[in-house]
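**Q** For reference, the structure I am asking about is given below.
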Amino acid sequence: MARPDESVVHGSKAPGETGSASEPAGPKDLPAVDRLLRLPDVTALLAEHGHTLVAGQARMLLDGLRAQALTGSLDRADIASAALVGALRHRIDATLAPAMRAVFNCTGTVIHTNLGRALLADAALQQVMALMGSPNNLEYDLASGGRGDRDSLVEGLLCQLTGAEAATVVNNNAAAVLLSLAALARDREVIVSRGELVEIGGAFRIPDVMTAAGARLVEVGTTNRTHPRDYENAIGERSALLMKIHTSNYQVQGFTASVDEATLAGIARRHGLPLVSDLGAGSLIDLSAHGLPREPMPQEQLAAGCQLVTFSGDKLLGGPQAGLIVGERALVDRIRKHPMKRALRMSKLPLAALEATLRLYLRPERLARDLPTLRLLTRPLADILATANALHADVERAVAPRYSVQVVDDLLGQIGSGSLPIDRLPSAGLAIAPIQKKGAGRALDELATALRTLPRPVIGRITEDRLLLDLRCIENHFPFAAQLPLLPDRLA
Ligand SMILES: *Cc1c(COP(=O)(O)O)cnc(C)c1O
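For the sequence shown, counting from 1, position 39 maps to 45 in my numbering; every step adds exactly one.
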C-alpha cells in the first residue's frame with residue numbers, strides 16, 4: 007500500500023487523483039518512461055550508468071508492471087515513486103552483476119570440474135594481473151627484435167620439468183589429444199586397449215575423438231585383460247601409433263592384465279611406431295611423497311619410452327585450463343605445424359598463468375605452500391577440524407531452530423577431476439540435519455537452496471539424511487562466517 011506521504015508517479019492523473027487505496031492499480035496509473043526517468047533519484051542513476059542501460063531497464067520494468075496491472079494484481083504500493091526507483095535500481099544491479107561468481111566449495115572434491123577445477127596460485131594471479139593490461143612479448147623475440155613463438159614462453163620449462171626434448175601447449179587436454187591424433191594418425195590406425203577406451207565427462211570419449219581427428223581406432227584385448235601379443239597382432243601397414251590412455255576416472259579390478267609403458271614402448275620401437283600416452287591429470291611431482299596416492303608422472307612415461315605424453319593444466323598440475331604436449335622433437339614439430347594448432351592455441355591469459363604455475367615447480371620444496379591444489383590436498387585433518395569447530399556455533403545459529411549441526415571428522419573427500427577415483431581423502435566438516443524427521447528430504451533441499459542464494463554461494467553435498475559441508479577447501483573461515491547472518495532470512 008502507498009503510504010499517504012509518498013508521492014505516486016502516474017500516467018494520466020495528477021497527484022491526489024490516484025484512486026482508492028484498496029483498488030489495484032491499472033495500466034493508466036503507471037508513469038511513462040520519460041516521466042520515470044525525470045525522478046530525482048533516477049537522475050542519479052542516469053549519471054552513474056548512462057541513458058541506454060537505465061532507460062532500457064525502466065522500459066522493461068514498466069512493461070512488467072503493465073502486464074501485472076492488466077491482470078488486476080498490481081498493488082498501488084508498487085507504483086509509488088520510491089518503490090519504482092527501488093525496483094529500477096534492483097534491476098540495474100542484477101543486470102550488472104557477473105554471472106560467473108566465487109563460491110565456497112564444501113563438496114569435499116578438491117579439483118571439482120563444475121566449480122572451476124584448480125585454483126590459481128598467487129604467483130599465477132599476479133602474473134595475469136601484471137601482464138594482461140599491458141602489451142607483452144607474447145610472440146615477440148626480445149633478443150632479436152623479430153617475431154617470436156608463444157610456445158617458447160613455456161617450452162623450456164616443460165622440457166626441464168619432464169625431461170622432454172620439445173613441448174607445445176593448447177587450450178586443454180582434450181585439444182592436445184585431438185591435435186596429436188590429427189597430426190600423427192590421420193587416415194591411419196591407432197591401436198588402443200579395450201580396457202582404456204575412457205569417457206571423461208562432457209562428451210570426451212576416446213572413440214569419438216579418434217573419429218573427429220580422422221584416425222581409425224583399432225581396439226585390442228578385452229575389457230579386463232590386454233596382453234603384449236594383442237598389440238603385436240594388430241600392428242600392420244596402416245598403423246600410425248600405439249596409444250596408452252590413463253583410466254583416470256575408473257579402475258578395472260579383479261582378473262586383469264594390462265601392458266605397461268616400458269613393454270609397450272619396446273613393441274612400438276620394434277615396429278618403428280611412436281607410443282603416445284594420454285595421462286589426463288598427470289602430476290609433475292611424486293604425490294606419494296606428500297602422503298597422497300601416487301599418480302603417473304609425464305617424466306616417468308617419457309623415461310619409460312613414450313614418445314609423446316599429453317596432460318591437463320588445471321587438474322593435478324594446479325594451473326589454468328591447458329593441454330600440455332611433451333615428447334620427441336620430430337613429433338612435437340609435426341603437431342605444431344598442423345593447421346588445427348592455430349585454432350587450438352592458448353591465449354595469452356592462461357599462458358601467463360601457466361608459465362607462472364610451472365615456475366613454482368622449480369622450487370618443489372615450497373610447492374605444498376605455494377600451489378593451492380597441493381596445499382588443499384595435503385591439508386592436515388586437524389587443521390580442517392579446527393575450521394569446523396570455529397564455524398560450528400555460527401552455522402548452528404544460522405540454521406536454528408529447524409536444523410541441528412554436528413562437527414564430523416569422518417568425511418571422505420576426493421581429489422577430483424577424474425584423478426584417483428578410488429582413493430578418498432579423510433576430511434572433516436559440519437553435518438546439518440533437520441530436527442523434524444517428517445519432511446526431512448524437503449527440509450534438506452530447502453537448506454541447500456538457501457545456501458546457494460548467499461552472496462557467495464555455499465555448495466555442499468546431501469547424503470541420505472544430512473547436508474554435509476566438507477571444510478577442506480575453506481582455508482579462511484572468516485568470509486564464510488561473515489555471510490551466515492543472511493541465512494535465516496533465506497530459509498524463512
Ligand atoms: C581429463 C582428461 C582428458 C581431458 O582433459 P581436459 O583438460 O579436461 O580437456 C583427456 N584424457 C584423460 C585421460 C583425462 O583424464
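Cβ coordinates follow ideal geometry from the N, Cα and C atoms, glycine included.
Taking buried to mean at least 16 other C-beta atoms within 10 Å of its own C-beta, is H252 buried or exposed?
**A** Classification of H252: buried, given that the 10 Å Cβ count is 16 or more.
**Q** Run the CB neighbour count on N482, radius 10 Å, all protein chains shown included, and call it buried at 16 or more, exposed below.
**A** Exposed: under 16 other Cβ atoms inside 10 Å.
**Q** Which first and last residues belong to the beta strand (DSSP E) in which S433 is found?
**A** Residues L431 to P440.
**Q** So, at 6 Å on beta carbons, what are the nonlocal neighbours of R496 in its own chain, with the 5 sequence-adjacent residues on each side left out?
**A** So the list reads A456 and T459, once near-sequence residues are dropped.
**Q** Would you give the residue range spanned by the alpha helix (DSSP H) that T217 belongs to?
**A** T217 -> alpha helix (DSSP H) spans I212 to A219.
**Q** Applying the 10 Å Cβ sphere with the 16-neighbour rule, what's the burial state of Q412?
**A** So Q412 counts as exposed.
**Q** Looking at ligand 1, does it come within less than 8 Å of Q327, judged from the CB to the closest heavy atom?
**A** Correct: Q327 has its Cβ closer than 8 Å to ligand 1.
**Q** At which residues does the beta strand (DSSP E) containing G92 begin and terminate?
**A** Careful: G92 lies outside any beta strand (DSSP E), inside the alpha helix (DSSP H) at S87 to L102.
**Q** In terms of residues, what are the limits of the beta strand (DSSP E) holding A172?
**A** Unbroken beta strand (DSSP E) run through A172: A172 to V176.
**Q** Mind checking which residues open and close the beta strand (DSSP E) that includes S410?
**A** First-last of the beta strand (DSSP E) with S410: Y409 to G419.
**Q** Suppose you measure from the CA of L355 to the CA of S158; what does that come to, to the nearest Å?
**A** So the alpha carbons of these two residues sit roughly 15 Å apart.
**Q** Less than 8 Å between the CB atoms is what I'm expecting for M249 and V198, so what's the real figure, rounded?
**A** Right, the Cβ-Cβ distance comes to about 5 Å (below 8 Å), so this counts as a contact.
**Q** Out of curiosity, what's the CA-to-CA distance linking R342 and E301?
**A** So the two alpha carbons sit approximately 28 Å from each other.
**Q** Do H277 and S245 have their beta-carbon atoms positioned less than 9 Å apart in this structure?
**A** Taking 9 Å as the Cβ cut-off, S245 and H277 qualify as a contacting pair.
**Q** Specify the secondary structure class of F6 as computed by DSSP and reduced to three states.
**A** There is no way to answer for residue 6, as the model of the chain reaches only from 7 to 498.
**Q** Candidates D400, A209, A362 and R72: which alpha carbon is nearest L36's?
**A** Cα-wise, what sits closest to L36 is R72.
**Q** Any heavy atom of ligand 1 within a distance shorter than 8 Å of the CB on A287?
**A** It does: the Cβ of A287 is within 8 Å (strictly closer) of some heavy atom of ligand 1.
**Q** Can you give me the Cβ contacts of S499 inside the same chain, cut-off strictly under 7 Å, excluding the 5 residues immediately before and after it?
**A** The structure shown does not extend to residue 499, since the chain is modelled only from 7 to 498, so the question has no answer here.
**Q** Count Cβ pairs between the segment 54-69 and the segment 96-116 that sit closer than 8 Å; are there 3 or more?
**A** Touching, per the Cβ criterion.
**Q** Hey, could you find the ends of the alpha helix (DSSP H) R467 is sitting in?
**A** Careful: R467 lies outside any alpha helix (DSSP H), inside the beta strand (DSSP E) at R467 to T469.
**Q** Between G260, G445 and A374, which has its C-alpha nearest S294's C-alpha?
**A** With distances taken between Cα atoms, S294 lies closest to A374.
**Q** Is it a yes or a no for the segment 322-329 touching the segment 89-99, going by three-plus beta-carbon pairs under 8 Å?
**A** With a cut-off of 8 Å, the segment 89-99 and the segment 322-329 do not count as touching, because too few Cβ pairs lie within range.
**Q** Just the Cα atoms here: how many angstroms apart are V176 and L357?
**A** If you take the alpha carbons of V176 and L357, they lie about 9 Å apart.
**Q** Quick one: give me the first and last residue of the alpha helix (DSSP H) that G333 is part of.
**A** Here G333 belongs to no alpha helix (DSSP H); instead the beta strand (DSSP E) covers G329 to G333.
**Q** So what's S423 in DSSP terms, helix, strand or just coil?
**A** If DSSP states are grouped into helix, strand and coil, S423 belongs with coil.
**Q** How is T502 classed by DSSP in three states: helix, strand or coil?
**A** Residue 502 lies beyond the stretch modelled for the chain, which goes from 7 to 498, so this question has no answer here.
**Q** Could you tell me whether any non-hydrogen atom of ligand 3 is closer than 8 Å to the CB of V226?
**A** This structure lacks ligand 3; its bound ligands are ligand 1.
**Q** Taking DSSP's pairing of strands, which residues face D147 in a bridge?
**A** Beta-bridge pairing links D147 to G152.
**Q** The beta strand (DSSP E) that contains G286, what's its start and end?
**A** Note, G286: beta strand (DSSP E), L281 to G286.
**Q** Which whole runs of the beta strand (DSSP E) in the segment 23-79 are 3 residues long or more, in chain order?
**A** For the segment 23-79, not a single whole beta strand (DSSP E) run of length 3 or above is found.
**Q** Which residues in the same chain have their Cβ closer than 7 Å to the Cβ of Q313, if we skip the five residues on either side of it in sequence?
**A** Correct list, in chain order: P280, L281, V282, G333, E334 and L337.
**Q** Quick check: L185 and G329, are their CB atoms within less than 9 Å of each other?
**A** Yes, the pair counts as a contact, with Cβ atoms nearer than the cut-off.
**Q** If you run the structure through DSSP and keep just helix, strand and coil, what is M346?
**A** Helix at M346.
**Q** Secondary structure at K250, three-state DSSP: helix, strand or coil?
**A** Correct three-state label for K250: strand.
**Q** Could you name the residues of the same chain whose beta carbon sits closer than 6 Å to that of A189, not counting the 5 residues immediately before and after it, in chain order?
**A** Hits under 6 Å: R340, I341 and H344.
**Q** Hey, could you find the ends of the alpha helix (DSSP H) L185 is sitting in?
**A** Element bounds for L185: N179 to A191.
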